[in-house]
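Basically this note's numbering = 1-based index in the sequence shown + 5.
Backbone N, C-alpha and C define an ideal beta-carbon position, used for all residues, glycine too.
For reference, the structure discussed in these notes is given below.
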Amino acid sequence: MEKRHLFERLYIDNATAGYEVHTALFCGVTNRTELRNHLLALNTDYEYAFVNAERILSRAHLLSAIFTAMTSLVQDTLTTKNVHSEIVVSLNPNKNITEAYNRFGIPPPPPARKDNEPPKDVPPMDLIVVKVLKLDTSSSPEKDDNPAANDTWAHLLANVKGEPTRLTDEELERTVNLAKLRGYYGLNNVPLLDEIKEDATLRKQEMERLIIMKMALRAV
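Quick look at the structure:
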């Protein structure tokens, strides 16, 4: 199947027992409003976690949210309609669900203009897609050949109008908006991040640590 290797299967300790988690990055997605409308309509064909790549610092950042959501799924303690929306909500440092969707999911389109004015263009965005599937015990983990995963990938290729890309830390460094991220996680008044700004690697590590800590505190 075309570019199937880009739809990566994640392994997250025992939190995914009985399930498979797959993810990919789509760059320059042009039909974000259409995808958002499917989510708002609760269209089960579009039951994915669509995550704004600008709001993700690293794979570890995303994996922390997935781990939290998967734990809630297994323990039957979801706070949202399904595990996919739970992933998006788990990224937020507080429990405001609407805020989480707007900040970390697909944001709403620009407000409508006045009468007789053309609508504002909706800019493309880089979008991370996460899909949780029931574990197929007949498939081979080494080959990653779950038929449901193959069908899901085909659906994504047909309906997400963007360039599929492997989700790597290098790609996330390109897509992340650090200023927005610091604001959302309340890190603008952390002097250490400014003191080490010349060391990009150390700064990222410290931001990652603080972000994951704030996400963990939200779940308490």
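In terms of Cβ geometry, L78 and V134 do not form a close pair [threshold 9 Å].
In the structure shown, the three-state DSSP call for L96 is coil.
For the options P128, A54, G23, the alpha carbon positioned closest to that of V34 is the one of P128. If you check the CB distance, V26 and I61 do not come in under 9 Å. In the DSSP secondary-structure assignment, F55 is bridged to V134. Nearest to L67 by alpha-carbon distance, out of F31, T173, E39, L198, is T173. Under the Cβ criterion (8 Å, minimum of three pairs), the region 161 to 169 counts as touching the region 30 to 45. Note on geometry: alpha-carbon atoms of N155 and R14 lie some 11 Å from one another. With fewer than 16 other CB atoms across the displayed protein chains lying within 10 angstroms of its CB, E200 is exposed.
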